[in-house]
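Protein chains in written order, with my numbering: chain Z, 1192 to 1361; chain A, 1383 to 2049. Even for Gly, the Cβ is constructed at its ideal location relative to N, Cα and C. Only a predicted model underlies this, so the values are computations on that prediction, with no experimental measurement involved.
Encoded structure:
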């Protein structure tokens, strides 16, 4: 092996790296020269310590396994600033999504919030549940009060189609 | 009966590593008309060349086929070698076994050898029909047109003029000096830019061999290498150049204020103005789009400058004038422009007053600039307590320009040092960079000098710059060295804006038929071996129009381009390749398709007055024709042929290519 991370004794996994690259349809998206602009502006950095430039470099070097099993890839807030502003038109966001897919494939632990979102969609067809809103007068009101129509339930076949789509591996 | 010699080159292992050269030689030996076939490690070397020459004499060879690298590389070498042995140099056929075979088929040596055999067979077939040709000599003008009066144009003009060439220096603005005249100090020695440039500008104006045409533009170019006819539009200054003494009385009374381009629009000038303090020639000019009299075209309007001028130099009646000159060569030295940082919205340039570009900093730092050399925050005019520099703005960025601007790092180091020297300890200076490139002579020493001066280097660039209510700026930047997210507060942010192609370049490149590269700059004939010339004979390149460049590189290239022009024109005549289009007058129908299609404007229609009626026929201006072959393939009657690429020559080669192939259809 030509490369070893002496802190964790991890070695690159080029097979998984190829999988990530295949998901990204090519190499350009990880073609990063480490200008750190993505990390400087990352929404998830200050609280959650997400460093997109580190992820780009780790994927480039082949240290994919550690990333795929880590919790850090689930912290991205998908604000897409890194995609917009990257001078090399690389995309940490897309790399992170590819890593998440790899993690799911490997049945790694997925944060609860994501599982909740899935069951939410299965039940109601919506990513977010209908909530009450607070008006300027500080009253909490619901759709009925605002005389908005009820949100329709998804069609019966929806669940089956959704589950099928979820199970289809790329 | 032709006697052909075939020579297969190993090119070290470049060819022999893939192609079985011995088999190819053996195969060539048995081809029709081949008398001798040999192979050798380096055919282009002295012993290799001698091998060919000896064979020509011993076997009385009259055609030579050399299977070697690309003809772009060594065709000239072999032509010379053959000529020394007494054979016409155009009886040599090059077969490209390196770029066309070994380098592209590294993994399939057997197939490569077969392809090499096919190519050699085709080469031998074509060689049989080669005709001896003679080079033609053309007389040339010993004068040169230099387009652009920046440091590149100035240096080229002076070098050419000192070598006794007549020079026409055309500059678009009312003064020469260009970008360098706007700079304060120059890296890596911190020479004052004006101190080293102004004497050269004066030399240009005074030199007896230089005709200086400011406020002028090239509008048309005709002719060919050695004999260009150029039309130059002399735009009116509305000031009599012979009478004006540059006293600036007029500029004090003019009521119209307009942004001063020389000061990067940081200050205002009047509609009648002198371009800069160091302007050469120091003659006023009137901006016709803003002058009240010229705008309204009424003689009763304003005219205050006319009243104030003691020399009676104001001349509202001046008209544009076209000047015709004949020159042998042209040096394009139009320079570059600075990237417009407002296109990179996240950095706030154009929205926040305290975010400035590096060229604006340069004007601010210059003693003759808007703040008389004081460095201030534009919002309040106070000395900044903290300055941040952000690198690679608009360059190394796939959204704008992918190339490195080659000057940004050094400009920033210089400006940081200047800021430190001018404001002393009272200022914090941060440089946010991606990679710091200090590659030239004395440049890394300059970088070290900056580190000694307590300038902080942050390895990382900000994603966005924010502005607080008092117009001071702040941004987050993650530093690679400390692995910390830093928040930097700055009263002044300087963006290292890169160099971009001049907006005139599109017009100029099409005027001279010289092409541009993918990045928009002028394209050199060869990136390594011919960097000073365009692909069009007699058109040379100097300075930042060919690619971003600092002053040392620009001056070196300018002197080089001058030397190239001298090399081409000094003998008063030049030799031209005989590979040109030839028109068969009897076949030409005068349809003018060739005239419209020729990219070099090398075809003229001539009218013959024959017995019965007038007939117009195409004629090739031999010195202009580059032998590209477009006309030959477009000609509906087959009247135009390209020498050495005539129909029989090419068809015989094609026939040889398919000799082994079986016809389809099974008949």
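- Beyond the five residues adjoining it in sequence on each side, residue 1545 of chain A comes within less than 8 Å, by CB distance, of 1944, 1948, 1952 in the same chain, given in chain order.
- Under the DSSP assignment, residue 1785 of chain A falls outside any beta strand (DSSP E); it carries neither an H nor an E label.
- In this structure, Z:1316 is the residue among Z:1248, Z:1358, Z:1316 with its C-alpha nearest to the C-alpha of residue 1347 of chain Z.
- The residue among A:1880, A:1928, A:1776, A:1534 with its C-alpha nearest the C-alpha of residue 1896 of chain A is A:1928.
- Taking 9 Å as the Cβ-Cβ cut-off, the segment 1225–1247 of chain Z approaches chain A at 1225, 1226, 1227, 1228, 1229, 1230, 1231, 1232, 1233, 1236, 1237, 1242, 1244, given in chain order.
- Looking at the DSSP output, residue 1527 of chain A bridges to A:1550, A:1712.
- Residue nearest to residue 2031 of chain A within the set A:1483, A:1751, A:1405, A:1512 is A:1512 (criterion: CA-CA distance).
- A residue is called buried once 16 or more other Cβ atoms fall within 10 Å of its Cβ, and residue 1230 of chain Z is buried on that count.
- Residue 1954 of chain A and residue 1524 of chain A do touch by the CB rule: their CB atoms are close to 6 Å apart, below 8 Å.
- Apart from sequence neighbours up to five positions away, the residues of its chain that approach residue 1642 of chain A with a beta-carbon distance below 7 Å are 1649, 1650, 1651, ordered along the chain.
- At least one CB atom of chain A sits nearer than 8 Å to the CB of residue 1278 of chain Z.
- Between residue 1411 of chain A and residue 1398 of chain A, the gap from beta carbon to beta carbon reaches 8 Å or more.
- Per DSSP, the beta-bridge partners of residue 1605 of chain A are A:1610.
- With respect to chain Z, the C-beta atom of residue 1860 of chain A has a partner C-beta closer than 8 Å.
- Contact between the segment 1487–1507 of chain A and the segment 1565–1577 of chain A is not established, with fewer than three Cβ pairs separated by less than 8 Å.
- Interface residue (Cβ-Cβ distance to chain Z less than 8 Å): residue 2010 of chain A is not classified as such.
- Around the C-beta of residue 1498 of chain A, 16 or more other C-beta atoms lie within 10 Å, and the residue is accordingly described as buried.
- Residue 1462 of chain A carries a helical assignment under DSSP once its states are collapsed to helix, strand and coil.
- Among the residues facing chain Z, residue 1791 of chain A is not included, as its CB has no counterpart in that chain under 8 Å away.
- When secondary structure is reduced to three states using DSSP, residue 1908 of chain A falls in the strand class.
- Taking a cut-off of 8 Å for Cβ pairs, the segment 1868–1882 of chain A and the segment 1714–1726 of chain A touch, as three or more such pairs fall below it.
- Shown here for residue 1744 of chain A: same chain residues with a beta carbon closer than 7 Å to its own, the five before and five after excluded, namely 1564, 1565, 1566 in chain order.
- Contact check for residue 1883 of chain A and residue 1718 of chain A: beta-carbon distance about 6 Å, within the 8 Å limit, so the pair qualifies.
- With its beta carbon less than 8 Å from one in chain A, residue 1272 of chain Z belongs to the interface.
- Taken in chain order, the unbroken stretches of alpha helix (DSSP H) that lie wholly in the segment 1928–2015 of chain A and span 4 residues or more are 1933–1951, 1975–1979.
- Close partners of residue 1863 of chain A in chain Z (Cβ separation under 7 Å) are lacking, with about 11 Å as the shortest Cβ gap.
- Using a Cβ-Cβ cut-off of 8 Å, residue 1842 of chain A is close to 1226, 1227, 1228, 1230, 1231 of chain Z, given in chain order.
- Taking the Cα of residue 1749 of chain A as reference, the smallest distance to any Cα among A:1796, A:1804, A:1484, A:1733 is reached at A:1804.
- Secondary structure note for residue 1491 of chain A: its alpha helix (DSSP H) is the uninterrupted segment 1491–1510.
- Taken in chain order, the members of the segment 1765–1785 of chain A whose beta-carbon sits within less than 8 Å of a beta-carbon on chain Z are 1774, 1778, 1779, 1780, 1781.
- In this structure residue 1326 of chain Z is exposed. Its beta-carbon is surrounded by fewer than 16 other beta-carbon atoms within 10 angstroms.
- Following the DSSP letters along the chain, one finds residue 1229 of chain Z inside the alpha helix (DSSP H) bounded by residues 1228–1231.
- For the segment 1816–1840 of chain A, the set of residues with a beta-carbon nearer than 7 Å to any beta-carbon of chain Z comprises 1816, in chain order.
- Taking all protein chains shown into account, residue 1900 of chain A has fewer than 16 neighbouring C-beta atoms within 10 Å of its C-beta and is therefore exposed.
- Under the three-state reduction of DSSP output, residue 1635 of chain A falls in the helix class.
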